[in-house]
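I have placed the structure first, in the form of structure tokens, so that the comments after it can refer back to it.
Protein chains: 2
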Amino acid sequence: MDKEKLFAGIDIGGTNTALGLISSEGRVLQESSFSTQKYEQSSAFLGRLIDEIEQLLALMPGEFALSGIGAAAPMANFFRGTIESPANLNWGEVAFVKIMQNHFKVKTVITNDGNAAALEEMVFGVAKGMKNFIVLTLGTGLGCGIILNGEIYYGTDGLAGELGHIIVEPGGRDCACGRAGCLETYVSATGICRSASMLMAQKQCASVLHAIPPAVLTAEKIARAADRGDALAGEVFAFTGAVLGPALANLAVIFNPEAIILFGGLAKAGDLLLKPTIDSFRQNSLNIYKREAQVLMADMQDGHSAIRGAAALVNR
Amino acid sequence: MDKEKLFAGIDIGGTNTALGLISSEGRVLQESSFSTQKYEQSSAFLGRLIDEIEQLLALMPGEFALSGIGAAAPMANFFRGTIESPANLNWGEVAFVKIMQNHFKVKTVITNDGNAAALEEMVFGVAKGMKNFIVLTLGTGLGCGIILNGEIYYGTDGLAGELGHIIVEPGGRDCACGRAGCLETYVSATGICRSASMLMAQKQCASVLHAIPPAVLTAEKIARAADRGDALAGEVFAFTGAVLGPALANLAVIFNPEAIILFGGLAKAGDLLLKPTIDSFRQNSLNIYKREAQVLMADMQDGHSAIRGAAALVNR
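Those protein sequences? They're chains Y and V, same order as listed. First residue of the first sequence: 63, per the numbering used here; consecutive thereafter. First residue of the second sequence: 63, per the numbering used here; consecutive thereafter.
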């Protein structure tokens, strides 16, 4: 009798790595996580990762067999199967696919987190049945996955969709990329904190945010304050939506997509972010389309989207 | 003996229609043109077009046989094979493909001029051998064709690549689409004339352009003045390049393409436009790519690019 297929999904973040064993239907059967940061050498990190997968596999009954490994990582090169000198990890180039395939003898694929998120949404999420859509991953920075004609679009060197670095405000906020006014300096967890500082400087109004040192301010704290009715915190999200909306309108004009989907930590802010974004998107949209592109939030409720998305790279 | 294949290429413009018979190798063997404008009814226009093709076919020796018809037109819908209420022609919806196929009994394809231009560049022009690139057609307006993975990218409703309507200057120049600050209000033949008026208002300097009524000013006249050393006319092209460069840098970040190609009437301005565009593109580019996207001019010298591009829709 054929064994039931099992896929490993791995989400390598700059801080933590999450992994899981996932069924063909996208159910997470086993999961675990560990600190990425504490591994200064990629070899030690990969040793730990292999151990973790082996331990999860040992927990599964005999009718399951590992059929593939999918991973998402910053600066992952899909074409070469490598992780290439990610900014937050001093690893140099890591031959991820080669090492994992040598050990587990199954198909292994790696790509960036935006592409994995986009696949997840197509196979299991709000983009089921769609052929052309864009996912923005809103975390510390802003990542992206582009699905065209039902496939991830990688571009010439695997670097398509660096949407965090479209310039939306010439001469605007300094960006880590060395330029200014990039989308992620406004629309990301860090961008939202910068917007809070800006609005505190501009407005003359009371806010709980005035009591929080900028160094420990987070997008979550701003969202909580907004939920409790803090007007300035609410304005931070309105401002963020007003920056994001025109950028999405331009993407709609370029791609004529079925949807643009917001995914990731910041997407948990829900309507706080979605409502002003949709308002601003509509105000700035070109009206020649019979069907307007939808702006949607990914359903992040079960907390497994990232590893399920990584597994979807080999589970389709 | 098999007959040699012959393709009809048709470029339906708002003013004139050009057509030709083209060999498999892209040689234009017969050509003709007539006024589009004077046909108030699409049926009369199509009658004339069919007559013109028949006349060209009658000039060809017997070893050639018509194998396909490709056409480019404003508001052409590739998926439906129709021309849909183009702004400058009061035709309503025209079932172009159905009518031509009924008459000539060969495969017929229609798309917009940007897509036809992109195909032409891939099959016969500067994009030979490329898989991912973008063509901007710079005429009265700004059109676009996007080639991804070696194929035209149409989007969900066939309306992808309306790049003339990405907003590059929020609150900027009024656009015919009802919004403001669209790329084509700056980067197009009409946009260049608006820039000349703007710079004449801003600058205190002599220029031959001051002697020309705005109603009869053209991009060609500005280019000729710049070529003769008129400083203000030169600044018009510098300004245009400075607007276009950052937009191309954003496209490079989105698509990670091999090249972005400037095509069409305005592309004939050559280095006048290309040099400031490339300077501004480089200043605004994200530096993570091993190979920078090239910004190229299409070779428009032989004047047949449009009809050869249309024929390339069926000749590949």
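C-beta atoms are modelled at their ideal positions from N, C-alpha and C, and glycine is treated no differently.
Hey, could you find the ends of the beta strand (DSSP E) residue i is sitting in?
i, result
"Met359 of chain V", "356-359"
"Ile196 of chain Y", "195-200"
"Pro78 of chain V", "The sequence as given places Asn at residue 78 of chain V; Pro does not occur at that position. Asn78 of chain V -> beta strand (DSSP E) spans 78-85."
"Ser129 of chain Y", "126-134"
"Ile323 of chain Y", "321-325"
"Gly205 of chain V", "204-210"
"Val376 of chain V", "Where Val376 of chain V is concerned, there is no enclosing beta strand (DSSP E), given that its DSSP letter is neither H nor E."
"Gly296 of chain V", "Here Gly296 of chain V belongs to no beta strand (DSSP E); instead the alpha helix (DSSP H) covers 293-317."
"Glu66 of chain Y", "66-74"
"Ile274 of chain V", "Segment: none, Ile274 of chain V is in no beta strand (DSSP E) and carries neither H nor E."
"Ile145 of chain V", "144-146"
Since I believe residue j is in contact with residue i (beta carbons under 8 Å), could you give me their beta-carbon distance rounded to a whole number of angstroms?
i, j, result
"Ile84 of chain Y", "Ile369 of chain Y", "7 Å"
"Ile74 of chain Y", "Ala135 of chain Y", "4 Å"
"Thr170 of chain Y", "Ile131 of chain Y", "4 Å"
"Gln92 of chain V", "Leu121 of chain V", "6 Å"
"Gly4 of chain Y", "Ala222 of chain Y", "Since the first residue of chain Y shown is 63 and the last is 378, residue 4 of chain Y is not available in this structure."
"Ala138 of chain Y", "Ile323 of chain Y", "Their Cβ separation, rounded to whole angstroms, is 20 Å, which puts Ala138 of chain Y and Ile323 of chain Y out of contact at 8 Å."
"Val90 of chain Y", "His366 of chain Y", "5 Å"
"Gly143 of chain V", "Val159 of chain V", "3 Å"
"Ala329 of chain Y", "Val185 of chain Y", "Not a contact, Cβ separation roughly 18 Å."
"Ala288 of chain Y", "Gly296 of chain Y", "5 Å"
"Glu116 of chain V", "Glu66 of chain V", "With 8 Å as the limit, Glu116 of chain V and Glu66 of chain V do not qualify as a contact, their Cβ atoms being about 19 Å apart."
"Gly326 of chain V", "Leu119 of chain V", "About 29 Å; that fails the 8 Å criterion."
"Gly71 of chain Y", "Leu81 of chain Y", "7 Å"
List, in chain order, every chain Y residue whose beta-carbon is nearer than 8 Å to that of residue i.
i, result
"Arg344 of chain V", "Under the 8 Å cutoff, chain Y gives no residues; its nearest Cβ is about 12 Å from Arg344 of chain V."
"Glu224 of chain V", "Val315, Ile316, Asn318, Leu348, Ile350"
"Leu210 of chain V", "Leu210, Tyr215"
"Arg241 of chain V", "Asn346, Leu348"
Name the chain V residues that come within less than 8 Å of residue i, Cβ to Cβ?
i, result
"Ala238 of chain Y", "Neighbours of Ala238 of chain Y on chain V: none; closest Cβ ~11 Å, over 8 Å."
"Ile229 of chain Y", "Pro308, Ala311, Asn312, Asn346"
"Arg353 of chain Y", "Thr218, Asp219"
Under 9 Å between beta-carbons, which chain V residues line up against residue i? List them in chain order, please.
i, result
"Gly203 of chain Y", "In chain order: nothing, as chain V lies at least about 13 Å away."
Taking all protein chains shown into account, do 16 or more other C-beta atoms lie within 10 angstroms of the C-beta of residue i, making it buried, or fewer, making it exposed?
i, result
"Ser257 of chain Y", "buried"
"His227 of chain V", "buried"
"Ala180 of chain V", "buried"
"Asp361 of chain V", "exposed"
"Asn164 of chain V", "exposed"
"Thr302 of chain Y", "buried"
"Phe195 of chain Y", "buried"
"Asp175 of chain V", "buried"
"Glu182 of chain Y", "buried"
"Phe343 of chain V", "buried"
"Val173 of chain Y", "The identity of residue 173 of chain Y in the sequence shown is Thr, whereas the question assumes Val. Answer is buried; the Cβ neighbour count reaches 16."
"Pro276 of chain V", "exposed"
"Asn177 of chain Y", "buried"
"Asn78 of chain V", "exposed"
"Asn150 of chain V", "exposed"
"Ala293 of chain Y", "exposed"
"Gly371 of chain V", "buried"
Span of the alpha helix (DSSP H) holding residue i?
i, result
"Asp341 of chain Y", "333-345"
"Glu93 of chain V", "Glu93 of chain V -> not in any alpha helix (DSSP H); beta strand (DSSP E) instead, spanning 90-97."
"Glu183 of chain V", "175-185"
"Lys283 of chain Y", "281-289"
"Thr247 of chain V", "Counting along the chain, Thr247 of chain V falls outside any alpha helix (DSSP H), and DSSP gives it neither H nor E."
"Glu116 of chain Y", "104-120"
"Phe166 of chain V", "158-166"
Considering only heavy atoms of the ligand SAM, does any lie closer than 8 Å to the CB of residue i?
i, result
"Gly205 of chain V", "The model on display carries no ligand, and the ligand SAM is accordingly not part of it."
Kindly list, in the order they appear in chain B, the residues whose Cβ is closer than 7 Å to that of residue i.
i, result
"Leu200 of chain V", "No chain B is part of this structure, whose protein chains are labelled Y and V."
Just to make sure I have the definition right: I need the residues of chain V whose C-beta is within less than 7 Å of the C-beta of residue i. Which are they?
i, result
"Pro232 of chain Y", "Pro308"
"Asn194 of chain Y", "Gly217, Thr218"
| query | Does the segment 272-289 of chain V come close enough to the segment 245-256 of chain V to have 3 or more Cβ pairs within less than 8 Å? | reply | yes
| the segment 85-103 of chain Y touching the segment 111-120 of chain Y, judged by at least three CB pairs closer than 8 Å | yes
| Is it true that the segment 263-276 of chain Y meets the segment 212-229 of chain Y, where meeting means three or more beta-carbon pairs spaced less than 8 Å apart? | no
| message | Count Cβ pairs between the segment 311-325 of chain Y and the segment 350-368 of chain Y that sit closer than 8 Å; are there 3 or more? | response | yes
| Counting Cβ pairs, one atom from each stretch, are 3 or more of them under 8 Å apart for the segment 297-316 of chain Y and the segment 343-350 of chain Y? | yes
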